[in-house]
Structures are given as C-alpha cells and as structure tokens.
Amino acid sequence: MYACAKFVSTPFLVRSTSQLLSRSLSAVVLKPPETLTDEVPYKSLSSLAAPRPLTSRIPSRSFQTSAISRDIDTAAKFIGAGAATVGVAGSGAGIGTVFGSLIIGYARNPSLKQQLFSYAILGFALSEAMGLFCLMVAFLILFAM
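The following block contains the structure:
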C-alpha cells in the first residue's frame with residue numbers, strides 16, 4: 410500500500426497537479442500540449458526513464474492577453490466612469506430639491522427662516538459632497554486603473 414502511494418505521488422505528479430489546479434479556469438486559454446523532447450538526455454537510457462504520468466496528457470494552461478481582451482477592459486473602464494459621472498447629475502437634482510424645499514418651507518412659516526436656511530445649507534453641502542465623490546470615483550476609474 411505504501412509503495413503504491415509512493416509511486417502515485419511522485420514529485421513531478423504533485424508539482425504538475427498543483428500547478429494545474431492552482432490556475433483560474435476563467436482567466437486562461439487552452440494551449441496544445443507540449444511535447445517533452447528533453448525528458449531523456451541519453452537515448453541509451455530511454456528504457457530506464459520513468460513513464461509519463463497521466464497529468465502530462467492534460468493540456469497545459471497559460472495566461473494570454475489579446476487585443477480583444479484589452480478592448481473589453483477599456484470599454485468597461487469607460488462604462489464605469491460614465492456610470493459614476495451620472496452621480497454628479499444626481500447631486501444637481503439634490504441641490505434643486507433642497508432649495509425648493511427651503512422656498513416651500515419659508516412660504517408656509519416665515520418665522521423659521523434662520524433654521525430652514527441652516528438646514529438648506531447642510532443639505533446643499535451633503536449633496537455637493539456626494540457629487541464631488543462621484544466625480545472623484547469617475548476620475549479614479551479613468552486614470553488610476
């Protein structure tokens with residue numbers, strides 16, 4: 410039993426299996442299997458060479474980047490930056506809502522003018538901060554990634 414386990418778990422088998430399993434399947438492209446020409450350095454010792462394990466028949470995988478994948482990444486970057494820029498328009502709508510509510514509140518109760526104005530300034534600051542944050546994220550997507 411121990412001899413069989415020792416035969417099955419040769420260092421080459423363990424190394425090739427761990428390399429095969431550690432690679433992401435979605436980020437790799439299949440390549441044709443390589444032929445091992447340097448496996449046996451001397452032709453006279455070819456009968457003493459260890460048989461090739463089953464994992465050597467599985468096609469090896471490697472990372473490849475192509476022009477198509479770079480174009481997809483660039484398009485995704487522009488789409489993300491455009492979606493983040495939409496938040497700036499939301500900031501403008503928020504500022505309009507804040508000052509519209511200030512006018513309505515002042516028309517209903519003019520005695521609360523100072524308190525309504527302080528709340529309107531607070532709402533303006535928060536809405537403007539969110540708009541600037543969205544703009545910053547858009548620039549980060551465009552120029553930092």
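Following our numbering, the numbering of the sequence shown begins with 410 at its first residue and continues without gaps.
Cβ coordinates follow ideal geometry from the N, Cα and C atoms, glycine included.
- Query: Looking only at C-alpha atoms, which of Leu-541, Thr-474 and Gly-489 sits nearest to Ile-550?
  - Reply: Gly-489
- Message: My output table needs one value for Thr-506: the three-state DSSP class, helix, strand or coil.
- Response: In the structure shown, Thr-506 sits in a helix (DSSP, three-state: H, G or I).
- Message: So the candidates are Leu-544, Ala-553, Met-554 and Phe-552; which of them puts its Cα closest to the Cα of Ala-493?
- Response: When each option's Cα is compared against that of Ala-493, the closest is Leu-544.
- Task: Measure the alpha-carbon distance for Leu-525 versus Gly-505 and round it to whole angstroms.
- Result: So the alpha carbons of these two residues sit roughly 15 angstroms apart.
- Note the first and the last residue of the continuous alpha helix (DSSP H) segment covering Met-539. First-last of the alpha helix (DSSP H) with Met-539: 522-553.
- Message: Quick check: the Cα distance between Phe-533 and Asp-482, rounded to an integer number of angstroms?
- Response: 36 angstroms
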